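Residue numbers (this note's numbering): 34 to 204.
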C-alpha cells in the first residue's frame with residue numbers, strides 16, 4: 034500500500050506540472066502567432082503528420098490521440114499552435130502559406146472524418162526542389178469542411194494589392 038502511494042504521488046505531481054507548463058506554452062504560442070495580426074477564424078483540431086493513410090489507421094486503432102492544435106485562418110496563411118511541451122508535434126510547421134498548399138480533401142478512415150492537407154515545403158538548400166508533406170486533421174466535420182473550403186477558395190487566388198490603405202477584412 035505504501036509503495037503504491039509513493040508511486041502515485043509523484044505521478045500526480047508530474048501530471049499537474051506538465052498540464053501547467055502546457056497551458057503556459059499554448060498561451061505563449063498563441064500570442065506569438067497573433068502578434069497584432071487579425072485572424073478570420075479559429076478552430077481546435079487534432080493534427081497528425083502521418084505520411085499516409087496506413088499511419089493514420091494505426092494511430093486510430095491504437096490508444097494514440099492526435100495532439101490538439103489551435104488552428105488560425107488568416108487571409109493568406111494558416112497558423113498552428115499547440116501547448117505540447119515534450120517535443121511532440123514538431124513536424125507540423127507554425128504556419129503554411131495558402132499558395133504552398135497542393136490540395137485539401139476529406140477522407141473517412143474507420144468512421145472518423147479527417148481533412149488531409151498536402152503542402153510544399155521550400156528547402157533550405159536552393160539546389161533542391163520543393164518537398165511535399167501532408168498532415169491529417171481530426172475535429173468536427175463542419176469545422177473541417179469550413180477549413181477545406183477556405184483553403185480551396187484561397188490557395189490559387191491571385192494576390193490583390195490594395196492601394197487605398199483600407200483593411201480588406203472589414204469588407
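Glycine is no exception: its CB is placed at the ideal position from the N, C-alpha and C atoms.
Here the structure is a predicted model, which is why all the values come from computation and not from measurement.
query	result
Nearest-angstrom Cα separation, counted from residue 94 out to residue 169	15 Å
Residue interval of the alpha helix (DSSP H) (run including residue 91)	86-94
Within 7 Å, strictly: CB atoms of residue 134 and residue 184	yes
For residue 59 and residue 122, the rounded distance between their alpha carbons	Any reading at residue 122 must be qualified, since the residue scores a pLDDT of 47, below 50, and its modelled position is unreliable; no value is offered.
Pick from 126, 155, 141, 177 that is closest to residue 87, judged by C-alpha positions	141
Local conformation of residue 230 per DSSP, three classes	In the structure displayed, the chain extends from 34 to 204; residue 230 sits before or after that span and is not available.
Contact test: residue 59 Cβ vs the ligand MN heavy atom, cutoff 6 Å	Annotation note on the ligand MN: not contained in the displayed structure, which lists no ligands.
Residue of 131, 128, 165, 172 minimising C-alpha distance to residue 85	165
Proximity to residue 98 [Cα-Cα], best of 187, 188, 172	172
Distance between residue 137 and residue 167 (C-alpha atoms, nearest Å)	9 Å
Rounded C-alpha distance that separates residue 174 from residue 62	26 Å
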